[in-house]
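Peer 1:
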Amino acid sequence: ANNNNIQARAATPTANSKQAMASQPADTAPLLPLANAPSLSSKTTHKALLAALLAVFSIVAVAFAFAQPSTPTPLAAYPAMTTRGLLKCPAACSRGMSRINPFKMLSSTRHLSLRGGAMTEIAKGVSFDTVAREWRMKWSGDEDKQSLVAAQEALNDVLSEVKAVPGVKSVQRVVCGGCLDFKVITSLEGDKFGEWESSGFKPEEEFIEKVKAIPGISFVETQTYTLMPM
142 ANNNNIQARA
152 ATPTANSKQA
162 MASQPADTAP
172 LLPLANAPSL
182 SSKTTHKALL
192 AALLAVFSIV
202 AVAFAFAQPS
212 TPTPLAAYPA
222 MTTRGLLKCP
232 AACSRGMSRI
242 NPFKMLSSTR
252 HLSLRGGAMT
262 EIAKGVSFDT
272 VAREWRMKWS
282 GDEDKQSLVA
292 AQEALNDVLS
302 EVKAVPGVKS
312 VQRVVCGGCL
322 DFKVITSLEG
332 DKFGEWESSG
342 FKPEEEFIEK
352 VKAIPGISFV
362 ETQTYTLMPM
């Protein structure tokens with residue numbers, strides 16, 4: 142019985158011991174285990190870690206995106222496309238050969254043509270020796286077809302220069318009174334077309350600017366394709 146009383150008195154903190162513990166600084170006070178403190182499971186810990194990693198990754202990705210230099214392509218590099226042009230011909234075709242060079246995509250099979258030029262074979266039985274550049278637009282019948290008259294005058298202003306391009310075989314004009322089409326087709330020897338292309342199809346830019354300024358002219362487009370008589 143005496144031993145039990147001694148152990149009970151030892152286990153019960155005295156007033157002096159309580160005062161001593163209270164007087165200790167907070168950083169040196171003994172830490173007592175919390176019996177009812179919630180414990181984090183490993184599954185919850187993994188979820189929290191994964192969420193933190195995703196947040197860090199998102200921040201780094203956004204920072205990297207904003208750090209990249211912005212070099213937008215000038216609008217002048219992309220000729221204007223109309224709905225009619227998109228439905229009628231692929232964009233690469235309407236833009237000409239400035240970005241897609243068909244000669245690099247064609248077979249290297251070449252032989253002399255009876256027409257005097259060099260033939261390029263696109264596929265079996267499909268060959269050509271002539272490449273053409275087309276300028277086309279729509280004119281209006283208003284004011285006694287003044288837009289058509291002005292388009293012809295614009296063509297006359299550059300016609301001699303177009304015919305002087307090395308390798309030119311012919312310059313043709315197509316006018317449709319029903320669809321109101323006005324087209325100029327300049328045909329060149331296939332081997333000479335690349336030289337004209339490198340010059341920007343001069344005087345194409347001058348002609349296009351003139352016809353675009355004519356009242357009643359619309360849907361001004363250009364296209365490159367091959368030509369062969371059948």
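Residue numbers (the working numbering): 142 to 371.
Even glycine gets a Cβ: it sits at the ideal position worked out from N, Cα and C.
1. Helix, strand or coil for W280? Go by DSSP, reduced to three states.
2. With DSSP run on the structure shown, which of helix, strand or coil describes D332?
3. Quick one, which of D270, A292, D298, N297 has its alpha-carbon nearest K353's?
4. Would you kindly report the start and end of the unbroken beta strand (DSSP E) that includes M309?
5. Need the endpoints of the beta strand (DSSP E) that V306 sits in, please.
6. Considering only the beta carbon of each residue, do W280 and V325 sit closer than 8 Å?
7. Are there 16 or more other CB atoms within 10 angstroms of the CB of A233, so buried, or fewer, so exposed?
8. Please work out which residues of its chain come closer than 6 Å, Cβ to Cβ, to L368, disregarding the five sequence neighbours upstream and downstream, and give them in chain order.
9. State the DSSP-derived secondary structure class of K324, mapped to helix, strand or coil.
10. Rank V267, K286, L296 by C-alpha distance to the C-alpha of E346 and give the top, closest one.
11. Could you give the residue range of the beta strand (DSSP E) that holds F348?
12. Determine the direct distance from the alpha carbon of V201 to that of W337, and round the result to whole angstroms.
13. Which residue wins for smallest C-alpha separation from G308, given the options I355, D283, A259?
14. Going by Cα to Cα distance, which pick from G282, F348, G331, K333 is closest to L300?
15. Classify S359 as helix, strand or coil using the three-state DSSP reduction.
16. Quick one: give me the first and last residue of the beta strand (DSSP E) that S268 is part of.
17. Suppose you measure from the CA of G357 to the CA of S199; what does that come to, to the nearest Å?
18. Measure the CB-CB distance between V290 and P344 and report whether it falls below 8 Å.
19. Could you pull out every residue in the same chain whose Cβ sits closer than 6 Å to the Cβ of S359, ignoring the five residues on either side in sequence?
20. Would you kindly work out how many angstroms separate the C-alpha atoms of G282 and D322, rounded to a whole number?
21. Count the other C-beta atoms from every protein chain shown that fall within 10 angstroms of the C-beta of S340, then say buried if there are 16 or more, exposed otherwise.
22. Taking DSSP's pairing of strands, which residues face A273 in a bridge?
23. What does DSSP give as the partner residues of A189 in its beta bridges?
Peer 2: In brief:
1. coil
2. coil
3. A292
4. Residue 309 is actually Val in this sequence, not Met. Here the beta strand (DSSP E) through V309 covers 309-317.
5. No beta strand (DSSP E) contains V306, which DSSP labels as neither H nor E.
6. no
7. For A233, the predicted structure reports a pLDDT of 46, less than 50, and the residue's modelled location is therefore unreliable. A value from the coordinates is still provided. It counts as exposed.
8. T271, A273, S328
9. strand
10. L296
11. No beta strand (DSSP E) holds F348; the alpha helix (DSSP H) holding it covers 345-353.
12. 49 Å
13. A259
14. F348
15. strand
16. 267-269
17. 54 Å
18. no
19. K279
20. 11 Å
21. exposed
22. S328, Y366
23. Paired residue(s): none; A189 is not in a bridge.
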